[in-house]
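Here the sequence shown stands for residues -22 to -1, 1 to 359, where the numbers follow mature numbering (1 follows the signal peptide of the UniProt record, and there is no 0).
Idealized CB from N, CA, C, for every residue including glycine.
The model shown is predicted, which means the values in this text are computed figures rather than measured ones.
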Amino acid sequence: MQMITIISIWCILASIFSPSEALANCPPGCQCDDNTLVVQCGEGQLDVLPIALNPSIQRLVIKSNKIKTIDSSIQFYAELTFLDLSSNHLMTIPQRTFAYQKKLQEVHLNHNKIGQISNKTFIGLSAVTVLNLRGNQISELHQGTFTPLLKIVELNLGENRIGFLDPKAFDGLRQLRILYLDDNALTSVPDPVIFQAMPTLAELFLGMNSLLTIQPAAFQDLKGLTRLELMGASLRNVSHDSFQGLEELRILDLSDNRLARIPSVGLSQLVRLEQLSLGQNDFQVISEGALVGLKQLKRQDLNGAVKLKRVMTRALLDNGNLEYLNLSSNKMLVEQLEGALSGLRHLRHVVKKPNALSILAEDLFPWTNRVTLYLSENPIS
Ligand SMILES: *[C@@H]1O[C@H](CO)[C@@H](O)[C@H](O)[C@H]1NC(C)=O
Ligand SMILES: *[C@@H]1O[C@H](CO)[C@@H](O)[C@H](O)[C@H]1NC(C)=O
Ligand SMILES: *[C@@H]1O[C@H](CO)[C@@H](O)[C@H](O)[C@H]1NC(C)=O
């Protein structure tokens, strides 16, 4: 008992008078660990980058403070591999700020007030693989902005105000795999020339822009794309050739748009598609063979289609591998789903709450013993 007390007192004293903290200047509210070389500051009032931290630190995390700019003191920390200054008050990043940050691999500047970036902003960041600029006020991307980022794999530009993209804005992003451009001010799908700069792109997020339509062959250079997100993009229509060339696409989200019809012909080119979200559109009917050609489809979300009244027999004729179907919150869906789901031998989960669905045909679920049905809140009679 006594021994434990002594040890714990010793620990407290040691942590107060730790020589490392005495030498390197650790700001109040921060933890500075000279063994792991991590400096982490809690939510607070810091308004400049601390100077006189251990110059060998590798990770610097100062989230939710009031830092207004990244000044030249960053240059003292040339060993940094990870920098997180998210949720501060950053408004500008001076040119060449990161010129000495040759080892930085991840930079998180999300949720600040950064308004402008240029082709001088990221000079020096030749080892960065992840750059997060989500939730800022960037409106234009000019020529060569990201060219210094030779190794970048993931670039997050979501929740900004981007309305102008120079055709050469993304030049040099040969290894980029994930690009977030969702929730910006784009009025059309970026020009195919822009996508030519990123031949290895696997995931593209373009939702929450006012795209209205998708021009034919818009994505044809993205041969390796596996995920495309177009949720809430004000889409009125999708042309027959909109998805041309997307032979590797596995996940497509077209939910929360204004599509009056399921774009069956366009979708039929996506031969590898496994997950499709089509909810919150303006369909009234899902007609026979609506998802023709989608033989690999496993998961489908069709919730919140407020105008949907009927799912025709044989609507999912070609989708024999379907395992999960979510038909929640389709208030007008009063038709029986008779036949529409028969033949779907792999179906495991059907979610249909709370629809207006009031009659269930007895032969609707011949395999009920194997299927999880979520029907609560439905007025089943
Ligand atoms: C950087 O931007 C300036 C001004 O927009 C432009 O003139 C110059 O060509 C660009 N440099 C590169 C390397 O893209
Ligand atoms: C698709 O929608 C756009 C924007 O509303 C419109 O200009 C275009 O004519 C439509 N195309 C077709 C084929 O309906
Ligand atoms: C079905 O979709 C609704 C709306 O997106 C969602 O809230 C719900 O969790 C989904 N149900 C299941 C069981 O996945």
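Buried or exposed by the 16-neighbour rule on C-beta atoms within 10 Å, applied to residue i
{"i": "V249", "result": "exposed"}
{"i": "D25", "result": "exposed"}
{"i": "Q73", "result": "exposed"}
{"i": "A211", "result": "buried"}
{"i": "S64", "result": "buried"}
{"i": "W(-13)", "result": "At W(-13) the pLDDT is 41, less than 50, meaning the model places this residue with poor confidence; the figure from the coordinates comes in the next sentence. Burial call: exposed."}
{"i": "I29", "result": "exposed"}
{"i": "residue 363", "result": "What the structure shows of the chain is the stretch from -22 to 359, and residue 363 is not part of that stretch, so it cannot be assessed."}
{"i": "S233", "result": "buried"}
{"i": "V171", "result": "exposed"}
{"i": "A163", "result": "exposed"}
{"i": "D160", "result": "buried"}
{"i": "S255", "result": "buried"}
{"i": "T99", "result": "buried"}
{"i": "L58", "result": "buried"}
{"i": "A225", "result": "Checking the sequence, you will find Glu at residue 225 rather than Ala. By the 10 Å Cβ count, E225 comes out exposed."}
{"i": "N13", "result": "exposed"}
Same chain only: Cβ atoms within 6 Å of residue i, ignoring 5 sequence neighbours per side
{"i": "I48", "result": "I71, T75"}
{"i": "E181", "result": "I156, R205"}
{"i": "V216", "result": "I192, P241, G244"}
{"i": "N97", "result": "G122, T123"}
{"i": "A(-1)", "result": "For A(-1), the pLDDT reaches just 42, beneath the cut-off of 50, and the residue's location in the model is therefore unreliable, although a value from the coordinates is still provided. There are no such residues."}
{"i": "E21", "result": "S42"}
{"i": "D219", "result": "P194, A195"}
{"i": "Q198", "result": "Q222, G223"}
{"i": "V39", "result": "Q18, D62"}
{"i": "H324", "result": "N299, E301"}
{"i": "N90", "result": "N66, L68, N114"}
{"i": "V108", "result": "E84, E132"}
8 Å CB neighbourhood of residue i in its chain, flanking five on each side removed
{"i": "N297", "result": "L269, L272, K273, L275, Q278, L322"}
{"i": "K46", "result": "D25, V26, N66, H67, L68, M69"}
{"i": "F261", "result": "L237, A238, R239, I240, A283, K285, L286"}
{"i": "G93", "result": "M69, T70, N114, Q115, I116, S117"}
{"i": "L208", "result": "L184, G185, L189, I192, L230, D231, L232, N235"}
{"i": "T178", "result": "R152, Q153, L154, R155, G202"}
{"i": "V106", "result": "L82, Q83, E84, V85, F100, L127, K129, I130"}
{"i": "S104", "result": "K80, P126, L127, L128, K129"}
{"i": "A293", "result": "I264, S265, E266, G267, A268, L269, A318"}
Residue i - containing alpha helix (DSSP H), residue span
{"i": "L245", "result": "242 to 245"}
Residues of its chain near residue i, where Cβ-Cβ distance is below 7 Å and the 5 sequence neighbours each way are ignored
{"i": "M290", "result": "V263, I264, S265, E266, A318"}
{"i": "D77", "result": "The displayed chain sequence assigns Ala, not Asp, to residue 77. Around A77: I101, G102."}
{"i": "P33", "result": "F54, Y55"}
Residue i: CB within 7 Å of a non-hydrogen atom of ligand 1
{"i": "S42", "result": "no"}
{"i": "Q9", "result": "no"}
{"i": "G122", "result": "yes"}
{"i": "S117", "result": "no"}
{"i": "N308", "result": "no"}
{"i": "N97", "result": "yes"}
{"i": "T191", "result": "no"}
{"i": "T125", "result": "yes"}
Enclosing beta strand (DSSP E) for residue i [first to last residue]
{"i": "Q174", "result": "First-last for Q174: 170 to 174, but that is the alpha helix (DSSP H), not the beta strand (DSSP E)."}
{"i": "residue 441", "result": "Outside the displayed span of the chain (-22 to 359) sits residue 441, for which this structure offers no information."}
{"i": "R277", "result": "277 to 279"}
{"i": "N110", "result": "108 to 110"}
{"i": "L230", "result": "229 to 231"}
{"i": "N134", "result": "132 to 134"}
{"i": "D62", "result": "60 to 62"}
{"i": "Q253", "result": "253 to 255"}
Paired residues, beta bridge with residue i - DSSP
{"i": "F183", "result": "Y158, E207"}
{"i": "Q18", "result": "Q9, V39"}
{"i": "L143", "result": "L119"}
{"i": "R288", "result": "V263"}
{"i": "I92", "result": "Partner(s): none; I92 has no beta bridge."}
{"i": "V216", "result": "I192"}
{"i": "T47", "result": "T70"}
Ligand 3 heavy atom lying under 7 Å from the CB of residue i
{"i": "N13", "result": "no"}
{"i": "S320", "result": "no"}
{"i": "V329", "result": "yes"}
{"i": "residue 361", "result": "Lying before the first or after the last residue shown, residue 361 is absent from the chain, which here runs from -22 to 359."}
{"i": "N134", "result": "no"}
{"i": "N281", "result": "yes"}
Closer than 7 Å: residue i CB and nearest ligand 5 heavy atom
{"i": "R277", "result": "Ligand 5 is absent from the structure shown, which contains only ligand 1, ligand 2 and ligand 3."}
Within-8 Å CB hit, residue i to chain B
{"i": "E21", "result": "Among the chains of the structure shown, chain B does not appear; only one protein chain is present."}
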